[in-house]
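>
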Amino acid sequence: MLGEGIVKGMVETARNFFGSYVSKDRLTTVQFPEERLPSIEATRDFPFLVYDGEDWQAGMRCVACQICEKECPPKCIYIEKSKDKKADAVGKPQFYPAVFNIDVSVCMSCQICVEVCPFEAIKMDNEFELSTDDRFEGLLWDKARLSKPNAHYQNIHPTDAAASDAILAEEKAKAEAKTKAAADPKSNATLASALQTASSTQ
Amino acid sequence: MMEAAIEELTVRDAAGKGEDALLELSLGPHHPSTHGVFRMDVVLDGERVMRLKPVFGYLHRNHEKIAEGASYLASMPYTDRLDYIGSLTNNWAYALAVEKLAGIEVPERAEYIRVITAELTRLQNHASTIGFLTQEMGASGSPLMYSFREREKILDLFEALTGSRMMCNYMRFGGCRVDLPVGWMDQARKVVAEFPRFLDEFERLLTGNEILLARTQGVGVLSGELAIQGGVTGPILRASGVNYDIRKVDRYGIYERFDFKVPLGEHGDVYDRYMVRVLEMRESLKILNQALRDIPAGPIMDAKTKIRGFRPKAGEAYGRIESAKGELGFFLISDGTGNPYRYRVRPPSLINLTVLEDMCIGSSVADTIVTFGTIDIVLGEVDR
Chain A
52 MLGEGIVKGM VETARNFFGS YVSKDRLTTV QFPEERLPSI EATRDFPFLV
102 YDGEDWQAGM RCVACQICEK ECPPKCIYIE KSKDKKADAV GKPQFYPAVF
152 NIDVSVCMSC QICVEVCPFE AIKMDNEFEL STDDRFEGLL WDKARLSKPN
202 AHYQNIHPTD AAASDAILAE EKAKAEAKTK AAADPKSNAT LASALQTASS
252 TQ
Chain B
192 MMEAAIEELT VRDAAGKGED ALLELSLGPH HPSTHGVFRM DVVLDGERVM
242 RLKPVFGYLH RNHEKIAEGA SYLASMPYTD RLDYIGSLTN NWAYALAVEK
292 LAGIEVPERA EYIRVITAEL TRLQNHASTI GFLTQEMGAS GSPLMYSFRE
342 REKILDLFEA LTGSRMMCNY MRFGGCRVDL PVGWMDQARK VVAEFPRFLD
392 EFERLLTGNE ILLARTQGVG VLSGELAIQG GVTGPILRAS GVNYDIRKVD
442 RYGIYERFDF KVPLGEHGDV YDRYMVRVLE MRESLKILNQ ALRDIPAGPI
492 MDAKTKIRGF RPKAGEAYGR IESAKGELGF FLISDGTGNP YRYRVRPPSL
542 INLTVLEDMC IGSSVADTIV TFGTIDIVLG EVDR
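Top to bottom, those sequences are chains A and B. Just so we're aligned: the first sequence equals residues 52 to 253 in the numbering used here. Just so we're aligned: the second sequence equals residues 192 to 575 in the numbering used here.
1. Is the distance from the Cβ of glutamate 350 of chain B to the Cβ of isoleucine 91 of chain A below 8 Å?
2. Can you grab the Cα-Cα spacing for the pair phenylalanine 323 of chain B / glycine 564 of chain B, in whole Å?
3. Name the residues in the stretch 52 to 76 of chain A whose C-beta lies less than 8 Å from a C-beta of chain B; which are they?
4. Using 8 Å as the Cβ pair cut-off and three pairs as the minimum, do the stretch 158 to 168 of chain A and the stretch 56 to 67 of chain A touch?
5. Can you say whether glutamate 86 of chain A is buried or exposed, counting buried as having 16 or more other CB atoms within 10 angstroms of its CB?
6. Which whole-angstrom value is the C-beta distance of isoleucine 128 of chain A and asparagine 400 of chain B, which I expect to be below 8 Å?
7. Check the Cβ-Cβ distances between tyrosine 337 of chain B and every residue of chain A, and say whether any is below 8 Å.
8. Could you give the distance in angstroms between the alpha-carbon of valine 569 of chain B and the alpha-carbon of tyrosine 275 of chain B?
9. Hey, does serine 215 of chain A have any beta-carbon neighbour from chain B nearer than 8 Å?
10. Going straight from the alpha carbon of arginine 112 of chain A to that of proline 98 of chain A, what length do you get?
11. Using a 10 Å radius around the Cβ and a threshold of 16 neighbouring Cβ atoms, would you call asparagine 253 of chain B buried or exposed?
12. Determine, using beta carbons only, whether glycine 366 of chain B and valine 297 of chain B come nearer to each other than 8 Å.
13. Shortest alpha-carbon distance to valine 561 of chain B belongs to which of B:Lys291, B:Val412 and B:Pro268?
14. Residues in the stretch 91 to 114 of chain A with C-beta within 8 Å of chain B's C-beta atoms, listed in sequence order?
15. Between B:Glu471, B:Lys439 and B:Gly432, which has its C-alpha nearest glycine 459 of chain B's C-alpha?
16. Going by C-alpha to C-alpha distance, which of B:Arg502, B:Ala212 and B:Gly506 sits closest to isoleucine 524 of chain B?
17. From which residue to which residue does the beta strand (DSSP E) around aspartate 526 of chain B run?
18. Can a CB atom of chain B be found closer than 8 Å to the CB of cysteine 158 of chain A?
19. Would you call the stretch 206 to 224 of chain A and the stretch 169 to 189 of chain A in contact, with 3 or more CB pairs under 8 Å?
20. For valine 373 of chain B, count neighbouring Cβ atoms within 10 angstroms of its own Cβ and tell me buried if that reaches 16, exposed if not.
21. Examine chain A for any beta-carbon lying closer than 8 Å to the beta-carbon of methionine 362 of chain B, and answer yes or no.
22. Beta-carbon separation of arginine 356 of chain B and leucine 346 of chain B under 8 Å?
23. Please report how far the alpha carbon of alanine 284 of chain B lies from the alpha carbon of alanine 508 of chain B, in whole angstroms.
24. Measuring alpha carbon to alpha carbon, tell me which residue in B:Ile437, B:Pro487 and B:Ala430 is nearest glycine 456 of chain B.
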């Protein structure tokens, strides 16, 4: 009979329409700014720099090795290495980034910087309400804007943060054992071995 | 061709037969049903399409040249942005080409994860394609919203696994970036178990609908011979009755382990292309059920492959997969350095687009839009 298919189709539309009042499966939209879905743990958007302790400048893990700058596909990271050195978490003197800028208008959230970083220093954030009316300065984030404590990382990505903390604890224990065993400062060798363990665990 | 038409137009005008004149019309680049910034130059005789010229390149991003200057890994996130509906299949095709080039083995668990993600990609791609298709026929609303509702569930799975809904950047040379998170398998099984209900509803809504039949049957016919000559692949080729599915022909990955059929059309019209996609979704569900049942434990990355400083030996390789749109291939030439010497994408969307004129000549403008919709192109992949 002509029109039978249309009637059958309208029954489906009606089923979905009336079903949306009773079934959660058929009404999946939420009223966004007021209602929010729970965030998914793996969600990523822009990178941030992790620091340990209270002071972001003293506790910054980044040693300005510039690997992420080199590997970044759209080249949105700009780093200038410091002239002097500061002590890192293990107590070893290290360079630090004098300038660390990320142009988030260029960043495409691919997280390759996170994958290549041997120092667990750069991680992905999940903050997404970032609109600004300043399209140049407002989207060029410097290291003060990028730095966030390790507690924040543990909060947003608990599983990854636990793994990252375990790697760092292992390295710290290794470094301490080494300094105890050999009093002479073979800082280059320890750095190389730390690099190796970091890349092999990835 | 276009010049000839315009000439004809002026000649006719000069002869004083204005009412017979051909009309040249530019459809696009911002017509909402053009799937992106795409333009069609059509020459019309009344309502009938006499000639059609696709014009594209508005979304060109120099992907291939950028890849030649970047490391192998750095091109991976750019492949997400080719066919942005199915980024995981793009990842797989590129990873496959590099793995062939460098002779990398992929662990079994990673192969299963690749199959699962690729078939989920196919599901959501076909669901949204059919949704868009009905919108192009004037059914604005319900079918598209229903298919997007289902697509959203699959995107949630992608986000939980890869961290991103569309730009997944998930596969790596020799495996996958992260393992399945806790609870992902149960969630995936739930989505796969619920999907047939959506398909049944969708088919009751559309397959027997008289309006859809009137608008699609016998429209935009593509013969099997012409499809083969044009290099067309994917659901369009199979709707024309040619049995060619790279999952069956090449058996890349672990597809030989799964039991599934390749649905074929008979007439090569818009309706067959619609039906082939619906049936392919059902076959994808079969593959997903088998893969989710059989997935083994184990590593997800080849232990010998380095993430950073990856340098394959000199040589060349072509890796291809059956993406949701057709044969997606990557051709790479390595000169032994860290960047590819040549990087070439064989995009299914672009090559399927070349037969558009042959399918549309003689049909009305409204049918042209519908025919164009069934090619299922994404301009990110056409223009690169």
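Glycine included, each C-beta is placed from N, C-alpha and C at the ideal position.
Working from what's here:
1. yes
2. 7 Å
3. Leu53, Gly54, Glu55, Gly56, Ile57, Lys59, Gly60, Val62, Glu63, Thr64, Arg66, Asn67 and Asp76
4. no
5. The residue in question, glutamate 86 of chain A, is exposed, as its Cβ has fewer than 16 Cβ neighbours within 10 Å.
6. The pair is not a contact, with the Cβ atoms about 53 Å apart (cut-off 8 Å).
7. Yes, tyrosine 337 of chain B counts as interfacial toward chain A.
8. 7 Å
9. no
10. 14 Å
11. exposed
12. yes
13. B:Val412
14. Ile91, Glu92, Ala93, Thr94 and Arg95
15. B:Gly432
16. B:Gly506
17. Element bounds for aspartate 526 of chain B: n/a, residue is neither H nor E.
18. no
19. yes
20. With fewer than 16 other CB atoms across the displayed protein chains lying within 10 angstroms of its CB, valine 373 of chain B is exposed.
21. No, its Cβ sits nowhere closer than 8 Å to a Cβ of chain A.
22. yes
23. Those two C-alpha atoms are separated by around 12 Å.
24. In this structure, B:Ala430 is the residue among B:Ile437, B:Pro487 and B:Ala430 with its C-alpha nearest to the C-alpha of glycine 456 of chain B.
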